[in-house]
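Just so we're aligned, residue 875 is where the sequence shown starts under our numbering, counting upward by one. For glycine and all other residues, C-beta sits at the position ideal for the given N, C-alpha and C. Structure first, then comments.
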Amino acid sequence: MNRESLVRKRLRFAAVVALVTLLLAPAPALARSDQGPPVTVPALTQWTPESGAYVYRPGARLVADDPAERRVADTLAGDLRAAGHGSVPVVRGGARTGDIVVDVKPSRSSLGGEGYELRAGTSLSITGATETGAFYGTRTLLQLLAQGDRIPAGRTVDVPRYKERGVGVCACYIHVSLPWLENLVREMAYNKLNQLLVELKVKSDAHPEANTWGYYTKDEIRQLVALGDKYHVEIIPEINSPGHIDPWIENRPDLQLTDSDGNKQPSRLDITQQAAFDYYTSLMDEYAQVFTAKSWHMGADEYMLGSDFAKYPQILEYAQEKYGSGATPQDAFVDFVNRVHDYAASKGVQLRIWNDGLTGANTVPVKADTTVEHWLNVAVKPSQLIAQGYSVMNASYSLYLIRGGFHSDTESLYDQSWDPRSFEGEKLTSSRGVTGAKISLWPDNGRGETENEVAVRLWPALRHVAQATWGDPHPDAAYTEFVARGAAVGHAPGWRDLTRVPVADGTYAFGRSFTASVQRTADGYVTLRSAAGCLAISGGKLTLNVPLQPGVEATWDTCDPSGTLQRWELEPVTGGYRLVNAITQMALTVTDDGRIVQYPSDQRTPAVWHLS
875 MNRESLVRKR LRFAAVVALV TLLLAPAPAL ARSDQGPPVT VPALTQWTPE
925 SGAYVYRPGA RLVADDPAER RVADTLAGDL RAAGHGSVPV VRGGARTGDI
975 VVDVKPSRSS LGGEGYELRA GTSLSITGAT ETGAFYGTRT LLQLLAQGDR
1025 IPAGRTVDVP RYKERGVGVC ACYIHVSLPW LENLVREMAY NKLNQLLVEL
1075 KVKSDAHPEA NTWGYYTKDE IRQLVALGDK YHVEIIPEIN SPGHIDPWIE
1125 NRPDLQLTDS DGNKQPSRLD ITQQAAFDYY TSLMDEYAQV FTAKSWHMGA
1175 DEYMLGSDFA KYPQILEYAQ EKYGSGATPQ DAFVDFVNRV HDYAASKGVQ
1225 LRIWNDGLTG ANTVPVKADT TVEHWLNVAV KPSQLIAQGY SVMNASYSLY
1275 LIRGGFHSDT ESLYDQSWDP RSFEGEKLTS SRGVTGAKIS LWPDNGRGET
1325 ENEVAVRLWP ALRHVAQATW GDPHPDAAYT EFVARGAAVG HAPGWRDLTR
1375 VPVADGTYAF GRSFTASVQR TADGYVTLRS AAGCLAISGG KLTLNVPLQP
1425 GVEATWDTCD PSGTLQRWEL EPVTGGYRLV NAITQMALTV TDDGRIVQYP
1475 SDQRTPAVWH LS
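Structure follows, in structure tokens:
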């Protein structure tokens, strides 16, 4: 989704360099005494110290009896192993000194659906009223063990303030690699975030004409959703409509809105057509084959971005035919939203939309049980939406991270004690009606940053929104101390370092195709340099400034240290390596006539390069 036209501020280059330096610099360690609260992210909402300590030693067991407890314990056992804490058996029965007990007790209703109690002493117990609550207690335990095997004795009852704590990722045009998304799911769960909104394209069997890159295969999405289920992160899909739908209808001019001059609008669905609604809902049905979430996001933002309803008289005609002479063009828009709402509801799924389409110009209301994600300051304020009965999520522009554009100023937000009541254009005095908050990642300039560079920006922002949605938004006096929390707990078990390069810098022959100098880049990719220049993908059709056309030939361009399209991932496979472009996320293959071209790996088998 291209929001570049709405970006109101840009970080100067010096500020970017300064912030990256801050994020990469070693953070000061937080002192942890046996009397003070243990260090976690989010900070514990309360802590009662006791004498002594729990010490994690070889021989520790995980005690869990019923199926829900054992699922939590099995996940914890795997994470302990991944974090280097050894293999811990999951057993039934009574606990002994040194054991870790996982308890799911529905009678502990005061803990709510996600709260937990953790008590550390000669043994350690984690209790939740639900499986999810107990799971979050294990995330706290893993964070504490990341700082050492000795946990001060004490007790915490830790309950979140907001029910929705999330991250949104637009992989809607630019493909984001599956390992990167899997890292994100693990990191979200580790910091007790529970909702990942993904605007992306699933490769369609029903509509092959829509399968332009970069889509995801159904098996890839099943893999991601299974990981989300395991780690209690609900993965909510979005197909944006009726605006920003060009990834789906660029090859369907029959569904594109036509203006009064006869021009087709590839980014706008013609909401007056029954065929357009049927097409959209058929995509929803196909997504239901791989997504299990009980929410559906239809976007519904910026439908008239760069234009206005007056250019499309058929929309007003449709609205007046359906709702009478007093209807407005906005009523046709709301009608489409409500029809999608009803279709989703018929499948047991709740609808979510962005707020900017709710301008107050409509006479027909959006269905009341629609969740509104508020990102932009428009005429209808969050307080009005809440008064009208809508649940509202804070998805503020101030929480955006845009490739090659605006980046959320996490330090400033922290210093302001930002919390989910602070919307664009309005600060609420009450959290009533506010579901929570999320940060959003957009690819407006798709070549502006690599995935690894985005990750550097993301982790502090992710931890901040985790803190602000779970508990006290300002647990430490200084932002540097809050950053130190993140450094203390580290990354989630199973997190993959995607900046690792599997070969040393040097000159290599890539089979019989070419010889190049391999040089690691600062963001963890490589450049391939020969006498002819640096290997790049720079031709073909551009989408958000990225050459996403399959079949485009790799070229040797003038070397540019800032050129992200000249950066490559060396992906180890049996017999050698694949070469994947860091931006297009397509792998190189060799044609019968010897040309080196990029393709999605499910379209053409990638070349395997033996380096010598």
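Note: Ser1169 is bridge-paired with Gln1224 in the DSSP secondary-structure output. Distances from the alpha-carbon of Ser1051 to those of Ser1404, Glu1445, Ile1109 and Gln1459 put Gln1459 closest. With respect to Ala969, Ser999 sits close: the two C-beta atoms are nearer than 9 Å.
Each of Ala1193, Pro1053, Pro1435 and Arg1337 was checked against the Cα of Ala1361, and the nearest Cα belongs to Arg1337. Counting along the chain, Ser1257 sits inside the alpha helix (DSSP H) bounded by residues Pro1256 to Ala1261. Between the segment 1035 to 1043 and the segment 1055 to 1071 there are three or more C-beta pairs closer than 8 Å, enough to call the two in contact. With contact defined as three or more Cβ pairs closer than 8 Å, the segment 1409 to 1419 and the segment 1363 to 1375 are not in contact. Residue pairing by DSSP places Asn1455 opposite Trp1442 in a beta bridge. Taking C-beta atoms as the reference points, Ala1235 and Gln1204 count as a pair closer than 9 Å.
Of the candidates Pro1111, Gly1279 and Thr1429, Pro1111 places its Cα closest to the Cα of Trp1170. When Gln1423, Val1328 and Val1447 are compared, the shortest CA-CA separation from Leu1058 is found for Val1328. Within the segment 1345 to 1404, the complete alpha helix (DSSP H) segments of 4 residues or longer fall at 1353 to 1363, listed in chain order. The three-state secondary structure of His1248, taken from DSSP, is strand. One alpha carbon belongs to Trp921, the other to Asp1032, and they sit about 9 Å apart. With contacts defined as CB atoms closer than 9 Å, Gly1007 and Glu988 qualify as a contacting pair. The Cβ atoms of Gly1310 and Ile1260 lie no closer than 9 Å to each other.
Going by DSSP, Ile1113 is part of the beta strand (DSSP E) stretching over Glu1108 to Ser1115. Residue environment: Asn1137 is assigned as exposed (fewer than 16 neighbouring CB atoms within 10 Å of its CB, all protein chains considered).
Two segments are said to touch when three or more pairs of C-beta atoms, one from each, lie closer than 8 Å; by this definition the segment 1317 to 1327 touches the segment 1415 to 1434. Our two residues, Val975 and Arg935, have alpha carbons roughly 8 Å apart in a direct line.
Contact between Val1339 and Ile1313 holds: their C-beta atoms lie close to 5 Å from each other, under 8 Å. When the five nearest sequence neighbours on each side are left out, the beta carbons in the same chain lying within less than 8 Å of the beta carbon of Asp940 are those of Val978, in order along the chain. At a cut-off of 3 residues, the continuous stretches assigned as beta strand (DSSP E) that sit fully inside the segment 1039 to 1125 are 1069 to 1074 and 1108 to 1115.
Rounded to whole angstroms, Gly1117 and Lys1075 show a C-alpha spacing of 15 Å. Between Lys1104 and Ile1145, the alpha-carbon positions lie close to 38 Å from each other. By the neighbour-count definition (other C-beta atoms within 10 Å, threshold 16), Arg931 is an exposed residue.
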